[in-house]
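Chemist:
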Amino acid sequence: MKPALFAYVAPETVGEALGELAGDDMARPLAGGQSLIPAMNFRIATPSKLVDLQRIGELRGVSVGDGVIRVGAMTRHRELERDAAAIRANPLIAEIMANVAHAVVRNRGTVGGSIAHADAAAELPCLLVAAGGSVTVAGAGGVRTIAAEDLFRFHMTTSLEPGELLTEVCIPELPAGTGHAFQEVARRHGDYALAGVCALVTMDGDTCTAARLAACGIAATAVRLADAEAALVGGVLDAPRLAAAAAAASRYVTASDDLQASAEYRRDLVAALVRRTVARAAERAGEAAR
Ligand SMILES: Cc1cc2nc3c(=O)[nH]c(=O)nc-3n(C[C@H](O)[C@H](O)[C@H](O)COP(=O)(O)OP(=O)(O)OC[C@H]3O[C@@H](n4cnc5c(N)ncnc54)[C@H](O)[C@@H]3O)c2cc1C
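Going by the working numbering, the letters in the sequence shown line up with residues 322 to 611, in that order.
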């Protein structure tokens with residue numbers, strides 16, 4: 322299919338892009354086009370105007386400092402995946418990026434595009450929620466920061482207002498003594514996850530002192546598994562504690578049965594993934610301490 326008629330502009334600054342978006346609720350930013358263009362071809366999306374962000378140099382690049390990895394919205398997935406300083410600061414990024422689509426898609430797709438697209442099964446929103454990250458957003462009213470847990474509202478819906486542009490994604494560095502793991506199950510490698518789990522686990526000897534868990538593919542947004550975290554903290558990560566966390570995590574599944582998987586299967590998946598990722602993250606926390 323072909324897209325409906327649309328206008329196209331390619332501004333060179335964030336200010337110009339905001340000017341192009343202002344006053345037209347049907348105008349849409351175009352980032353890597355890996356999701357928006359297919360949606361236009363199917364006429365699921367019919368924007369009046371595409372505001373192409375490719376020429377805006379200030380939206381690209383990765384920097385690490387003050388405990389935060391700052392990723393410009395137009396940074397390609399592949400650029401983040403290959404950024405040694407970012408991976409050193411938070412190795413969870415490497416594990417996440419390896420699961421985002423295929424290299425060809427990652428060459429074009431952008432970090433900001435993935436976050437703004439807010440697919441509930443996507444990996445980057447899951448990373449942002451697990452790590453307690455945030456985004457910077459620019460609009461007619463100025464610049465604001467939105468915490469990950471306030472950003473994702475529903476399938477492909479964020480708390481960005483019409484006319485706002487996501488400019489930067491901020492991912493905290495991995496705290497000292499913390500191990501990480503991400504695992505997902507997809508029908509084929511590179512597909513969106515049927516379910517995926519990010520685990521960040523901090524250990525003091527054999528005792529878990531902090532945990533942050535998030536899942537994708539199981540609800541209308543990436544979701545923090547707070548009850549599962551609570552089940553882990555304050556004790557040794559033995560089989561009963563892992564089982565309690567897994568059971569708590571499975572209660573966050575709100576996705577209905579679909580063509581890919583039943584809700585019951587997803588509950589089993591998320592429970593298994595919590596057990597595996599928490600065990601792996603704890604092992605890595607132990608390795609880091611030695
Ligand atoms: C075959 C295939 C497999 C894929 N598999 C996966 C997968 O396994 N996991 C995964 O996470 N993704 C997957 N994707 C999606 C891919 O990661 C996309 O790149 C991503 O979803 C959107 O990024 P983009 O830069 O292409 O954004 P675009 O398609 O250009 O835009 C997506 C949406 O975000 C909005 N937007 C973009 N940038 C901004 C901004 N700066 N501010 C405000 N709004 C903005 C656009 O207006 C649009 O609504 C897959 C895509 C394909 C084609």
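Every residue, glycine too, gets a C-beta built ideally from N, C-alpha and C.
Around the C-beta of Ala424, are 16 or more other C-beta atoms found within 10 angstroms, so that it is buried, or is it exposed?
Modeler: Per the 10 Å Cβ criterion, exposed.
Chemist: Would DSSP call Val591 helix, strand or coil?
Modeler: Helix, per DSSP.
Chemist: So within the stretch 523 to 571, which uninterrupted beta strand (DSSP E) runs reach at least 3 residues, ignoring any that extend past its ends?
Modeler: Counting only runs of 3 or more, we get 528 to 537.
Chemist: Looking at the unbroken beta strand (DSSP E) that takes in Pro446, where does it start and where does it end?
Modeler: Element bounds for Pro446: not the beta strand (DSSP E) but the alpha helix (DSSP H), Glu444 to Ala452.
Chemist: Going by C-alpha distance, which of Asp527, Leu594, Thr457 and Thr396 is nearest Leu534?
Modeler: Of Asp527, Leu594, Thr457 and Thr396, the residue nearest in Cα terms is Leu594.
Chemist: Can you check DSSP and say which residues form a bridge with Thr479?
Modeler: DSSP, once it has assigned bridges, lists Phe473 as partnering Thr479.
Chemist: On the CB-based measure, 16 or more other CB atoms within 10 Å of its CB, does Ser577 come out buried or exposed?
Modeler: That one is exposed.
Chemist: Could you please give the first and the last residue of the uninterrupted alpha helix (DSSP H) stretch that includes His398?
Modeler: Where His398 is concerned, the enclosing alpha helix (DSSP H) stretches over His398 to Glu402.
Chemist: Suppose you measure from the CA of Gly354 to the CA of Val456; what does that come to, to the nearest Å?
Modeler: Computed Cα separation, rounded: 20 Å.
Chemist: From Glu337 to Val372, what distance separates their C-alpha atoms?
Modeler: Roughly 10 Å separates the two Cα atoms.
Chemist: Val574 lies in the alpha helix (DSSP H); which residues open and close that run?
Modeler: Run containing Val574: none; DSSP gives neither H nor E here.
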